[in-house]
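Here the structure is laid out as structure tokens; the discussion comes afterwards.
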């Protein structure tokens, strides 16, 4: 479904990604592993159009879509759950989700379905989104992405700073999406968890893919080496 | 409760409409200033408080609106009131023309960019003989109209501008665009990630603010019967709008209403003190920003939530 070929990304003169190659198949969960500053977030941002890259370097269903605007990628079905959640403090939980739904793709996922699946969130739907606990805020952030009915969901550090219980809730929601056939890309600090959830993985180091493979067969020693760059 | 609220508003509106029969010319002229400046502050607040767009050069629209009215009315000998819609359209077109270059700029650059636009336009008008150059233009088409009708007519136009602009902004914030606006103000990157067309949202806001400001400017200069480049393209307009919005509460619909009342109260009481008046005004603005950044409205809602316009959907 998604094929990334020779993707290079820059912030001004600084090159953050060097000729990255990877793919995500239909319905697959892929984990991106790497230390801080390795370029994982840049990679996700390149895919949704927040960082401009060459058209050929990102192919979605065989179509060259690199560098298209975020709105276009959203319409194609690529949605990002940004790092740090970035909820809108002026809007209520419901409004945060409804706003995204309005601008997304039509489909099964909508505000009502999410409130049905997440009763704890339904209870606080009229509160300002940033007045919730970190775990609940993360659920809102993921809900906001799900209601755009993506085919490819990109999750940037969705479990960062959450309690173990909240992390389980987050993954329960993501697994529901996966059962629907959504493809998911996980960027995770928690390597064990990422490998446990994903089908395949890529290790990124200093802007380059240095290791990839099937998650279940990952050699922890090799992953640690790729992670720390030793 | 609800019907009594409506009744109170109707009574207030009735009194305001009947003012030409109750009050003298001085009162009417003061109220024209109050309503037009209110609309201008409301427009500034709409841009800054709801769109996160700080326009220091908003006064360019006052000049454009006023000059459109004066030029069309005197050139073709047409009734000035009938030219008010034309002034709105011309100001909006002007805003549309400059929207794209302006919105290439961000933050402080945008703020200064709009100021530069206002200065360039002022200098262009100053050098345009067909617009009367530095001396400006008189509104000669007002000549055949009786003094009472002229004053009352301008007052009613100003009243319509004040009430109408509040209605337009209220409608805008209640609707679909309201949510998108708040999301853009909160976090542009996240708004884009949620599929909001950030540029389109900002441009709509810019056009609405321009149209309101242009109309208010046209009515304000109908009141003075003479428009000049230095007065109409003056930063003082925007400064007053910012003062009113800051004092009343940026990003609230009630803020400019309270702000404009305080502003004119201060002016009527203390403007005879000359430069001391401006120094005190500046100090009040600084103190408000330091001690009550949410403005006067935030002090009123600190203890209990008030929502007279019904646009805050949060219960919290």
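Residue numbers (the numbering used here), protein chains in the order written: chain A, 4 to 233; chain B, 2 to 317. Where is the CB? At the ideal position from N, CA and C, for every residue including glycine.
- When Cβ-Cβ separations below 7 Å define contact, residue 183 of chain B makes contact with chain A.
- Within a 10 Å sphere around the beta-carbon of residue 58 of chain A sit fewer than 16 other beta-carbons, which makes this residue exposed.
- Separation of residue 191 of chain B and residue 182 of chain B (C-alpha to C-alpha, rounded to the nearest whole angstrom) is 12 Å.
- Shortest Cα-Cα distance from residue 168 of chain A to any of A:5, A:141, A:190 involves A:141.
- Taken in chain order, the complete beta strand (DSSP E) segments of 3 residues or longer contained in the segment 170 to 196 of chain A are 186 to 190.
- Against chain B, the CB of residue 138 of chain A has no partner CB under 7 Å away; the residue lies outside that interface.
- Residue state for residue 255 of chain B is assigned as coil, using DSSP reduced to three classes.
- Within the segment 245 to 296 of chain B, complete alpha helix (DSSP H) segments of at least 4 residues are found at 256 to 271, 276 to 292, given in chain order.
- For residue 159 of chain A, the enclosing beta strand (DSSP E) begins and ends at 155 to 159.
- Counting only the Cα atoms, residue 41 of chain A lies some 11 Å from residue 18 of chain A.
- About 13 Å separates the beta carbon of residue 193 of chain A from that of residue 166 of chain A, a gap too long to meet the 8 Å contact definition.
- In this structure, residue 215 of chain B sits near residue 92 of chain B, with a CB-CB distance shorter than 7 Å.
- In this structure residue 72 of chain A is not in contact with residue 159 of chain A, their Cβ atoms being roughly 19 Å apart against a cut-off of 8 Å.
- Listed by position along chain A, the residues whose Cβ is nearer than 8 Å to that of residue 204 of chain B form an empty set, because the closest Cβ is around 15 Å away.
- Between residue 257 of chain B and residue 245 of chain B, the gap from beta carbon to beta carbon is short of 7 Å.
- Between residue 102 of chain A and residue 184 of chain B, the C-beta gap is smaller than 7 Å, which places the two residues in contact.
- By alpha-carbon distance to residue 29 of chain A, the top candidate from A:199, A:206, A:183 is A:183.
- Pairing residue 209 of chain A with residue 179 of chain B, the inter-Cα distance amounts to about 42 Å.
- Here residue 55 of chain A is exposed: its Cβ has fewer than 16 other Cβ atoms, across all protein chains shown, within 10 Å.
- For residue 93 of chain A, the nearest beta carbon of chain B is closer than 7 Å to its own beta carbon.
- Residue 220 of chain B: member of the alpha helix (DSSP H) spanning 199 to 225, first to last residue.
- Assignment of residue 105 of chain B by DSSP, reduced to helix, strand and coil, places it in the coil class.
- Of all residues in the segment 101 to 120 of chain A, only 101, 102, 103, 105, 106, 107 come within less than 8 Å of chain B when Cβ atoms are compared, listed by chain position.
- Per DSSP, reduced to three states, the secondary structure at residue 124 of chain A is helical.
- Non-local C-beta neighbours of residue 218 of chain B in its own chain, meaning closer than 6 Å and more than five positions away in sequence, comprise 63, 66, 67, ordered along the chain.
- Here DSSP, grouped into helix, strand and coil, assigns residue 144 of chain B to coil.
- Each residue's CA atom was taken as its position, placing residue 186 of chain B and residue 98 of chain A some 15 Å apart.
- Within a 10 Å sphere around the beta-carbon of residue 277 of chain B sit fewer than 16 other beta-carbons, which makes this residue exposed.
- Only 51, 53 from the segment 47 to 71 of chain A bring a Cβ to less than 8 Å from some Cβ of chain B.
- Counting the other Cβ atoms within 10 Å of the Cβ of residue 81 of chain B gives 16 or more, which makes it buried.
- Close to chain B, meaning a Cβ-Cβ distance shorter than 9 Å, are the following residues of the segment 71 to 85 of chain A: 72, 73, 74, 77, 78, 82, 83, 84, 85.
- Apart from the 5 residues on each side of it in sequence, residue 100 of chain B sits with its Cβ closer than 6 Å to the Cβ of 204, 207 in its chain, given in chain order.
- A distance below 6 Å between beta-carbons, with the five flanking residues on each side excluded, links residue 61 of chain B to the following residues of its chain, in chain order: 118, 119, 122.
- DSSP places residue 33 of chain B in no beta strand (DSSP E) but in the uninterrupted alpha helix (DSSP H) bounded by 26 to 46.
- Interface flag for residue 154 of chain A against chain B is unset, since no Cβ pair is found closer than 7 Å.
- About 16 Å separates the beta carbons of residue 12 of chain A and residue 5 of chain A, which is beyond the 8 Å limit, so they are not a contact pair.
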